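To start, the structure itself, in structure tokens.
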Amino acid sequence: KFFKPQVLSTWNHGMAANTKAWSILSANGNVLDAVEEGVKVTESDKNMYSVGIYGLPDREGLVTLDASIMKGDGSCGSVAFVRQIKHPITLARKVMEKTPHVFLVGEGARQFAIQEGMPLEKEILSPHASNAYNKWKKTSNYKPIINIENHDTIGMIGIDASGELAGSCTTSGVAYKMHGRVGDSPIIGAGLFVDGEVGAATATGLGEEVIRICGAFLIVELMRQGRTPQEACEEAVKRAVAKSKDLENTQIGFLALNRDGEFGAYSIRPGFNFAQHNQQYQKLVDANSWFK
Ligand code: SD4
């Protein structure tokens, strides 16, 4: 159950992302590089629905992206509501490393990207996103379909051989969100939290419900108090279930890792899985859930 080094990512696209991250970790690379380069694979995937510029748009037909990155020493950076940037995770890292701030949003984040020499992508929907959006416009019904439209954020947490931790999280957010809506993924403590003395956690699913309970921070604090990563994820889901404003339509999945390399995962309903890569194996694992 304990693996060091190791990398864990949400959902099945985490397999390809982990492969990239592992290539860095297994070559004694930096865990921060691993979690950045890993999720860039997902951001580059033209078939994605919920990560990167090829993802599904908001109600206005615009793709707006959220991302965050964090290290065990408390260094962190995020961007939200940013457009035309192929690798928001890299932009989040630049916020962390090159500014006195931790969080840039919207036009300011885009300006910073330009200043850093990052290319602006054309603002056109990918073919699958455009089809889906045109179909959605016929009814304009805002009800994300659990585990489908709401399904693909990548959160990645990793530990290297020396026990150093880092995490990353990147998304285009829930499909057909209101313009300007920001989810949990770029919010340090909600979609991602890392504390080198304890562990790391990340979240996927309906961000509103994760923000409400400070999901990732809660899990790390529970681990600090002695819970295993699995127990901490289960307790956080219990909290989310109790506080949910729309339990019928809510899915959340949590993934956690402690500094010993022990891991855990749990979700509200069945269907959440995560990818795991370590020296012994790489596989996709179905998480247990509150509802069976
Ligand atoms: C959000 N948490 O923006 C993201 C969406 C997501 O899997 O995780 N999808 O609320």
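So full-length UniProt numbering is basically just the index in the sequence shown, starting at one, shifted up by 54.
Every residue, glycine too, gets a C-beta built ideally from N, C-alpha and C.
No experiment lies behind these values; they were computed from the predicted model shown.
For the ligand SD4, any of its heavy atoms closer than 6 Å to the Cβ of Asp-238? On the sequence shown, residue 238 is found 184 positions in, with the first residue counted as 1. True, at least one ligand heavy atom lies under 6 Å from that Cβ.
Where does Asn-66 fall in DSSP's three states? Taking the sequence shown and counting its residues from 1, the one referred to as residue 66 is at position 12. Coil at Asn-66, not helix or strand.
Nearest residue (CA-CA) to Ser-122, options Val-339, Gly-245, Tyr-335: Position 68 of the sequence shown, counted from the start, is the residue given in the question as residue 122. Answer by Cα proximity: Gly-245.
Which first and last residues belong to the beta strand (DSSP E) in which Cys-287 is found? If you number the sequence shown from 1, residue 287 lands on position 233. Taken as a continuous stretch (DSSP letters only), Cys-287 belongs to no beta strand (DSSP E), being part of the alpha helix (DSSP H) at 283-297.
Look at the alpha carbon of Glu-285 and the alpha carbon of Phe-317, and state the distance between them as a whole number of angstroms. Within the sequence shown, numbered from 1, the residue matching residue 285 stands at position 231. Within the sequence shown, numbered from 1, the residue matching residue 317 stands at position 263. Roughly 10 Å between the two C-alpha positions.
If you compare alpha carbons, which of Glu-275, Thr-282, Thr-144 is closest to Asp-314? Numbered from 1 along the sequence shown, position 260 holds the residue referred to as residue 314. Taking only the C-alpha atoms, the option nearest Asp-314 is Thr-282.
Residues sharing a beta bridge with Ser-194, DSSP: In the sequence shown, counting from the first residue as 1, residue 194 sits at position 140. Paired residue(s): none; Ser-194 is not in a bridge.
In angstroms, rounded to a whole number, what distance separates the CA positions of Glu-170 and His-155? Along the sequence shown, one-based indexing puts residue 170 at 116. Along the sequence shown, one-based indexing puts residue 155 at 101. Going from the Cα of Glu-170 to the Cα of His-155 covers about 15 Å.
Terminal residues of the alpha helix (DSSP H) in which Phe-166 lies: Your numbering for residue 166 matches position 112 in the sequence shown. Counting along the chain, the alpha helix (DSSP H) containing Phe-166 begins and ends at 160-169.
With DSSP as the reference, label Leu-174 as helix, strand or coil. Working through the sequence shown from its first residue, we reach residue 174 at position 120. It is coil, neither helix nor strand.
Quick one: is Ala-71 buried, meaning 16 or more other Cβ sit within 10 Å of its Cβ, or exposed? Here residue 71 refers to the residue found at position 17 of the sequence shown. That one is buried.
Rounding to the nearest angstrom, what Cα-Cα distance links Glu-203 and His-67 in this structure? Counting from one through the sequence shown, the residue named residue 203 turns up at place 149. Counting from one through the sequence shown, the residue named residue 67 turns up at place 13. At Glu-203, the pLDDT of 49 sits below 50, so the modelled position is not reliable; the number obtained from the coordinates is stated separately. Spanning the two alpha carbons is a distance of roughly 15 Å.
Three-state secondary structure (DSSP) at Glu-251? The residue labelled residue 251 in the question sits at position 197 within the sequence shown. Glu-251: coil per DSSP, three-state reduction.
Using 6 Å as the cut-off, classify the Cβ of Ser-104 as near or not near the heavy atoms of the ligand SD4, replying yes or no. Position 50 of the sequence shown, counting from 1, holds the residue named residue 104. Result yes, Cβ under 6 Å from the ligand SD4.
Collapsed DSSP secondary structure at Ile-202 in the structure displayed: Within the sequence shown, residue 202 is the residue found at index 148, counting from 1. Only weak support exists for where Ile-202 lies, its pLDDT of 47 falling under 50; the coordinates are left without a value.
Beta-carbon separation (whole angstroms), Tyr-320 vs Cys-268, contact threshold 8 Å: The count along the sequence shown starts at 1 and reaches residue 320 at position 266. The count along the sequence shown starts at 1 and reaches residue 268 at position 214. Wrong, their Cβ atoms sit about 16 Å apart, outside the cutoff.
Answer with buried or exposed for Met-210, where buried requires no fewer than 16 other C-beta atoms within 10 angstroms of its C-beta. On the sequence shown, residue 210 is found 156 positions in, with the first residue counted as 1. Result: buried.
Counting only the same chain and skipping the five closest in sequence on each side, list residues whose C-beta sits under 6 Å from that of Asn-332. Within the sequence shown, residue 332 is the residue found at index 278, counting from 1. Hits under 6 Å: Phe-57, Gln-60.
Determine the direct distance from the alpha carbon of Thr-258 to that of Ile-213, and round the result to whole angstroms. Against the sequence shown, residue 213 aligns to sequence position 159. Against the sequence shown, residue 258 aligns to sequence position 204. If you take the alpha carbons of Ile-213 and Thr-258, they lie about 20 Å apart.
Can we count Asp-112 as close to the ligand SD4, meaning its CB is less than 6 Å from some heavy atom? Reading the sequence shown from its first residue, position 58 is the one you call residue 112. No, the ligand SD4 has no heavy atom inside 6 Å of this Cβ.
Cβ pair Asp-120, Ser-239 closer than 7 Å: Locating residue 120 in the sequence shown gives position 66, where the first residue counts as 1. Locating residue 239 in the sequence shown gives position 185, where the first residue counts as 1. In contact: Asp-120 and Ser-239 (Cβ atoms closer than 7 Å).
Distance, Cα to Cα, Ser-132 vs Lys-55? Your numbering for residue 132 matches position 78 in the sequence shown. Your numbering for residue 55 matches position 1 in the sequence shown. For Ser-132 and Lys-55, the distance between alpha carbons rounds to 31 Å.
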